[in-house]
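In our numbering, the protein residues as written are 4 to 388. Have a look at the structure below before the remarks.
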Ligand code: PMP
Ligand code: GLN
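Written as structure tokens, this is what we have:
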């Protein structure tokens with residue numbers, strides 16, 4: 004191992020390896036069923052692979068345009084219009100990204116300056132704050148409080164200062180599964196009206212909402228859409244988290260700034276997968292069927308946990324189920340998650356890692372994007388705890 008002679012003044016001194024990497028590795032080391040990191044353990048549709056292979060064989064293997072293949076941008080524009088009633092211009096208002104993570108990082112890098120404040124909601128998805136701090140911004144924390152995990156807009160209002168540059172929202176919300184409603188959007192519109200606050204809306208679980216609830220995209224709210232970058236990911240929608248392809252949509256002037264950074268960040272995203280997805284997207288049932296598909300898995304998993312000592316919290320969207328374990332153990336959640344992986348053979352994510360102050364409500368997150376056989380095997384182990 005080489006030892007560097009350079010003194011390092013870390014930009015992110017408090018950041019270690021992500022909990023997803025840590026828990027997935029521990030699960031593999033212990034041979035545990037991995038319900039921690041969020042990814043499906045089943046195959047995506049072969050039709051998607053065929054469309055991608057077709058593009059490769061047709062020689063579509065060189066650099067695509069910086070903003071993404073026109074075919075894919077048009078397919079995204081069509082989908083967004085059909086679902087949210089707003090027509091984004093494929094040429095100027097849509098950019099294909101290397102997953103939602105890159106879209107989020109690039110949006111923050113493009114708009115947040117040193118000393119700017121960005122409001123995030125805790126529990127907060129783990130990539131937002133490191134991105135804010137890397138560019139010299141400061142994260143300001145609003146709370147989604149256990150057990151309902153709903154925003155308190157009065158609290159958010161009290162956090163706004165002249166330095167507030169951006170508010171990041173995430174609905175359906177990872178890790179809690181809560182979903183913003185029309186009232187939340189109205190409150191957000193009131194709060195930001197006559198300000199220069201940008202909204203970054205992480206909607207990667209847009210198609211995974213349950214019990215007849217509708218996902219309300221910021222794209223569907225003209226006033227909010229005008230100050231928003233809306234991000235989504237094909238990884239979630241088509242069961243291809245490893246492909247790392249997503250997109251961002253927003254007003255042309257915002258997108259122009261986004262692309263100034265994007266072009267020197269990744270420049271662009273691989274051609275044949277973009278073309279494969281564009282072809283695959285033409286059948287809307289492929290994304291519209293996702294809610295029913297995952298609702299069945301959610302219900303199946305919740306059924307598996309009947310008779311266990313876990314207390315299940317509501318799950319309105321995403322493919323994550325939260326559970327309280329106060330009836331089982333008094334361990335802090337990180338230790339409990341490690342214990343579960345090693346001793347009970349089921350890996351989970353402790354929710355305190357999504358809080359900057361380690362706030363621990365003794366809640367863990369299960370991913371139910373798994374085959375029924377996996378969920379049944381996990382259920383058997385979980386009922387024994
Ligand atoms: N945002 C949220 C809320 C997520 O859960 C994830 C990943 N699961 C991402 C962003 C990142 O998506 P991608 O894998 O497309 O980068
Ligand atoms: N978003 C996924 C989750 O919440 C993990 C993504 C990652 O591993 N960085 O589990």
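Glycine residues also receive a C-beta, built at the ideal position from the N, C-alpha and C atoms. All values reported here derive from a predicted model rather than from experimental measurement.
Check                                                                                                    : Outcome
Cβ-based burial, residue 61 [other Cβ within 10 Å; buried from 16]                                       : exposed
Same chain, Cβ closer than 6 Å to residue 382, neighbours up to 5 away in sequence not counted           : 307
Closer than 6 Å: residue 128 CB and nearest the ligand SAM heavy atom                                    : The ligand SAM is not part of this structure, which contains only the ligand PMP and the ligand GLN.
Inter-residue Cα distance where the pair is residue 130 and residue 263                                  : 21 Å
Start-to-end residues for the alpha helix (DSSP H) that takes in residue 134                             : 131-137
Among 224, 47, 43 and 139, the one whose alpha carbon lies nearest that of residue 88                    : 224
Own chain residues within Cβ distance below 6 Å of residue 318, not counting five before or after        : 180, 301 and 324
Per DSSP, cross-strand counterpart(s) of residue 323                                                     : 370
Residue 268 - DSSP class collapsed to helix/strand/coil                                                  : helix
Nearest-angstrom Cα separation, counted from residue 296 out to residue 288                              : 11 Å
Residue 198 versus residue 192: straight-line alpha-carbon distance, rounded                             : 10 Å
Alpha-carbon spacing of residue 305 relative to residue 315, whole angstroms                             : 8 Å
Whether residue 100 touches residue 208 by CB criterion (7 Å)                                            : no
CA nearest to the CA of residue 219, picked from 13, 195, 86 and 196                                     : 86
DSSP-derived helix/strand/coil call for residue 37                                                       : strand
Best match in 277, 370 and 354 for proximity to residue 51 [C-alpha to C-alpha]                          : 277
Candidates 234, 280 and 334: closest to residue 48 by CA position                                        : 280
Contact test: residue 40 Cβ vs the ligand GLN heavy atom, cutoff 6 Å                                     : yes
Residue 103 CB to nearest heavy atom of the ligand PMP below 6 Å                                         : yes
Close Cβ partners of residue 283 (< 8 Å) along its chain, the five nearest in sequence each way excluded : 48, 50, 51, 54, 241 and 289
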